[in-house]
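Offset between the first sequence (1-based) and the working numbering: plus 45. Every residue, glycine too, gets a C-beta built ideally from N, C-alpha and C. Report on the following structure.
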Amino acid sequence: MLAFSFNHSHHLRSHLLFTASITTNSTQFHRFLANGSPLNLYTIPTILASCGAQRNLSLGLQLHALAIHTGLDSNSFILSSLITMYSKCSHFSAAYHILNSTNPNDSISWNALIVSSSRSGLHSDALHLFVKMHHRALPLDEFTFPSALNSAAHLSLVLTGQTIHSLLLRSGFQRHAHIGNALVDMYAKSGELHSARNVFDEMPHRDVVAWTSLLTSSARHVSHSASLDLFLEMLSSSVNLDAFVIAAVLSSSAELTVLELGRQLHATSVKRGFHSFLSLGNALLTMYAKTGCIDDAELIFDLIPYPDAITWTALIIGLAQNGRGHDSVHVYDKMIRTGSKPDYITFIGLLFACSHAGLVEPGRSYFESMEPVHGIEPGPEHYACMIDLLARSGKIEEAVRLMNRMRFEPDATVWKALLSGCRVHLNSGFALQVAERAAEILFKIAPNDAVPYVLLSNIYSKIRRWGDVAKIRALMKARGVSKEPGCSWMEVGGVVHVFHVEDHVHPRTAEIYAKVDEMMGRIRETGYVAETGNVLQDVGEEGEMGLAYHSEKLAVAFGLVVLPRGALIRVFKNLRVCGDCHTALKLVTKVYGRKVVLRDANVFHHMENGVCSCGDYW
DNA sequence: CTAGGGTTAG
């Protein structure tokens, strides 16, 4: 098969690629050798490159041996290929050994090691090599700088990044596209968005990569809406979209629950043929799950041919948030059956699912399997889920025992889980005692977090200890702790309508309030009585009027006013829905024959005909 | 033979 002659280097290259692709399979490699096919300056580097790409270290080692045997191992072309192969296979000691024993004075070998170190997360090694190159006066080029900048960014070494920047200004490379992009990304990842923007504005060509760096860092360091503003700016500057940037924007759309934009991005991806890009599929799945369209999320999942851990995890979490914790567990079992490896976050989702579906026994056994079976040490989030699961199902002693078993100090997340879990079963005095103790600790370690005050105050009001309720409220006031104001919003025709408790700013306020009154009147006829137990759920956001005009009720009433008859009403709230609104809105779905999807800070409530997907357990 | 951006978080 090798008895062809090649006239063009292009043919030679495709032949070499073909050779490499068949020979990285060991058996075929041996057949290749048995055929008397040549191992030379052209074939060895090409096969080595494939070994690196496929992380086939054993074949790489054989080739190294053959190179030594044929005396080709002193050739600089071969040496740099070997260093690349070892680096990509994470066999760094071998790569360093070759580098140190042959002392190549070309940049390629050094670059290969810097790039691989940076990609493998060995950032300080990458920077060390960079400094060494600089000291030896080796040429630093358009391959060296991006990786060094990348490692500086990952270590949050802004000063180092700035030093590299100043070296760059003298190198003549600063106008190079990859280098400009790496600089923008370094400043952006370090949270120095103004510096990032300055570099960006001075670039000769601002391509989609630079925009993506700005977008994702804005989402992380500023806000998701700042990120979407940048996206609009990008669209108006006619830059070509690609799958990376769409995945990033989808993630902000998901957080902001702007379903219309998400759908448009989905359509664009299909038109542009990006649908086979895994990260984009993962982002789409998450976007649909987070906007309450769990059926669409499942459709996306079914179209992904090779799901990775992120895909499985996104589906597990999405199902759990949408009240389908049993399905999360089935998906997890399928994930294991099909050979995917769960990670730290998978278990957060799985245990969250168990806790919301009340699956005590499966939850316990999944938790116990984490370390022995999957080699993942449970972290505070996992303990928090388990404590929540146990406390909510009334096993408060067991929750406390589990907490005492932790190898590290429980953090605020864990104490909050215990406190909120206790509010479900207050009939035993023990639950109250544990809740008070947890709150006391939280008031010390997180004195400015409003959530523990509100949780404890709700517990007191549930057992009608009004004096204690007043004490907590006074304590909050004295400490200047205020809760994030509650608000609900709804998207209609691409416009987001926001409601706060008892606010009168919406242009259709009169109709909305009339509709709330009508709603409350009609559900009262079916026997609804306001629950006063959660009067203080929204401490700080509401007046003395109490429960009637909470933001979620206003939003649902608005939906009844403006949406066509029978249309699903999709509402989002930034805080947890209060118990009274939950009861009232369930009845509204029954009386009006409408479906309501209400997403609160924790989960989705798919309400229909008086029943909620959360099983009144959220 | 070496290069920049992305997706999951009770």
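Quick one: Cα of V496 to Cα of S268, how far?
22 Å
Under the three-state reduction of DSSP, which class applies to M535: helix, strand or coil?
Reduced to three states, the DSSP call for M535 is strand.
N-terminal and C-terminal residue of the alpha helix (DSSP H) that F453 is part of:
Note, F453: premise wrong, no alpha helix (DSSP H); not H, not E.
I need the DSSP call for C659, collapsed to helix, strand or coil.
coil
Might you give, ordered along the chain, the residues of its own chain that have their beta carbon closer than 8 Å to the beta carbon of G655, omitting 5 neighbours on each side?
K631, L632, T634, K635
Could you pull the start and end residues of the beta strand (DSSP E) that R644 belongs to?
641–644
Between which two residues does the alpha helix (DSSP H) carrying V540 extend?
Per DSSP, V540 belongs to no alpha helix (DSSP H); it is in the beta strand (DSSP E), 540–545.
Given N472 as reference, the closest of G439, L202, G236, I490 once Cα atoms are compared
Minimum Cα distance to N472 is reached at G439.
Buried or exposed: where does H55 fall if 16 or more other Cβ atoms within 10 Å of its Cβ makes it buried?
Residue placement at H55 cannot be trusted, given a pLDDT of 43 that sits under 50; the coordinates are not used to answer.
Below 8 Å CB to CB, which residues in the same chain sit around C134 once its five sequence neighbours on both sides are set aside?
Taken in chain order, the residues that qualify are C96, G97, R100, N101, L102, G105.
Name the one or two DSSP bridge partners that I614 has.
V641
DSSP beta-bridge partners for F649?
R644
Would you kindly work out how many angstroms separate the C-alpha atoms of W256 and V290, rounded to a whole number?
Straight-line Cα distance between these residues: approximately 8 Å.
Integer Cβ distance of A334 from G307, believed to fall under 8 Å
Contact doesn't hold; Cβ gap of about 11 Å is too wide.
What is the rounded straight-line gap between the Cα of N579 and the Cα of G318?
With a pLDDT of 49 at N579, under the threshold of 50, the predicted position of this residue should be treated as unreliable, and no value is reported.
I'd like to check one pair, I504 with R482: are the Cβ atoms closer than 8 Å?
The answer is no: Cβ separation not under 8 Å.
Using 8 Å as the threshold, is the C-beta distance between L325 and A359 below it?
no
Rounded distance between the beta-carbons of D353 and L323, thought under 8 Å:
6 Å
For the segment 590–607 and the segment 549–566, state whether three or more C-beta atom pairs, one from each stretch, are separated by less than 8 Å.
yes
Quick check on F649: buried or exposed, where buried means 16 or more other Cβ atoms within 10 Å of its Cβ?
buried
Out of A612, H470, G206, which has the shortest C-alpha to C-alpha gap to V537?
A612
Grab me the residues of I361's own chain with a C-beta within less than 7 Å of its C-beta, minus the 5 sequence neighbours each way, in chain order.
S373, V376, Y377, T391, G394, L395, A398
Over the uninterrupted alpha helix (DSSP H) stretch that includes E237, give me the two end residues.
It is not in any alpha helix (DSSP H) - E237 carries neither H nor E in the DSSP assignment.
For my contact list, A227 and L174 are in at a C-beta cut-off of 8 Å; report their separation, rounded to the angstrom.
With 8 Å as the limit, A227 and L174 do not qualify as a contact, their Cβ atoms being about 16 Å apart.
Own chain residues within Cβ distance below 6 Å of A288, not counting five before or after
F319, F322, L325
Since I believe R437 is in contact with S410 (beta carbons under 8 Å), could you give me their beta-carbon distance rounded to a whole number of angstroms?
Wrong, their Cβ atoms sit about 18 Å apart, outside the cutoff.
So, using beta-carbon positions, are L595 and C626 closer together than 8 Å?
Strictly speaking, residue 595 in this sequence is His, with Leu absent from that position. It is a contact, given that the beta carbons lie within the stated cut-off.
Straight-line gap, A222 to H250 (C-alpha atoms, nearest Å)
7 Å
What are the boundary residues of the alpha helix (DSSP H) that includes I123?
For I123, the enclosing alpha helix (DSSP H) begins and ends at 121–133.
Use the C-beta contact count for A462: other C-beta atoms within 10 angstroms, 16 or more gives buried, fewer gives exposed.
buried
Which of the three DSSP states, helix, strand or coil, is assigned to H427?
helix
Among residues of its own chain, excluding the 5 on either side of S296, which ones have a beta-carbon nearer than 6 Å to its beta-carbon?
Listed in chain order, the non-local C-beta contacts of S296 below 6 Å within the same chain comprise A328, local neighbours out to five positions each way being set aside.
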